[in-house]
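Residue numbering for the sequence shown follows the numbering used here, beginning at 57 and increasing consecutively. Remarks on the structure that follows.
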Amino acid sequence: MGAQQSTQGEERVFESTADTPIRFSQSLINDLSDTLSPTVTPPDSARQATLDEHIRSRINSELARLRAEEQDVREQIEEALARENAEKEKGDSDGVLSTDAVVRDITEIKSKVERHHEKRDLKAWPEIQKAQRELVVCYNNKPKTPLECWRETEAFKTAVADAEKSFVASLR
Numbered sequence: 057m058g059a060q061q062s063t064q065g066e067e068r069v070f071e072s073t074a075d076t077p078i079r080f081s082q083s084l085i086n087d088l089s090d091t092l093s094p095t096v097t098p099p100d101s102a103r104q105a106t107l108d109e110h111i112r113s114r115i116n117s118e119l120a121r122l123r124a125e126e127q128d129v130r131e132q133i134e135e136a137l138a139r140e141n142a143e144k145e146k147g148d149s150d151g152v153l154s155t156d157a158v159v160r161d162i163t164e165i166k167s168k169v170e171r172h173h174e175k176r177d178l179k180a181w182p183e184i185q186k187a188q189r190e191l192v193v194c195y196n197n198k199p200k201t202p203l204e205c206w207r208e209t210e211a212f213k214t215a216v217a218d219a220e221k222s223f224v225a226s227l228r
């Protein structure tokens, strides 16, 4: 015995019968499970500190790059606005209003607003008041047949239209 060497390529097959149960030791099972699942060991504290510092430096460099890019964009916008304003000033130089012209415009607008508020009151429009009274009297006299008040309704509409025309004309 022993004179014959075993070959590496020879395959051994074990057959099991139902009579003999197969048992494996716990150490064999542990060894096999250790080789199948890679162990993840947490990095040691020095390596973790190095990784953290590297990540911080990358974040800071990216943040600095973004800030510089933002500043460039702001400068470009400011330059574009400055050019646009300069072009507008060149085009509008002959239409520039003086302080006196602005004051005159403001007083004119104020007077138009005051006239508008004064003319909103119906007392300034006796034609409308008269047509309104006639229409109300007609509706009160004919509550069951309001369609018979069409003449008074048309008179009221005409009075309001005339008042609107004169009001708009007064604002000009």
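All residues carry an ideal CB built from backbone N, CA and C; glycine is no exception.
In this structure the stretch 184-202 lies against the stretch 213-223, because at least three pairs of beta carbons, one per stretch, are closer than 8 Å. DSSP places F212 within a helical segment (H, G or I) once states are collapsed to three.
In its chain, beyond the 5 residues on either side, C205, E208, T209, A211, F212 have a beta carbon closer than 8 Å to the beta carbon of L191. The Cβ atoms of S226 and R171 sit closer than 9 Å to each other. Judged by beta-carbon spacing, W181 lies beyond the 9 Å limit of A142, meaning their Cβ atoms are not closer than that value. The three-state secondary structure of P202, taken from DSSP, is helix. Boundaries of the alpha helix (DSSP H) around R189: 182-197. One alpha carbon belongs to R112, the other to E126, and they sit about 21 Å apart.
In the three-state scheme derived from DSSP, where H, G and I count as helix and E and B as strand, R79 is classed as coil. Distance between R114 and Q104, taken at the CA atoms: about 15 Å. Taking the CA atoms as reference points, V169 sits about 55 Å from A120.
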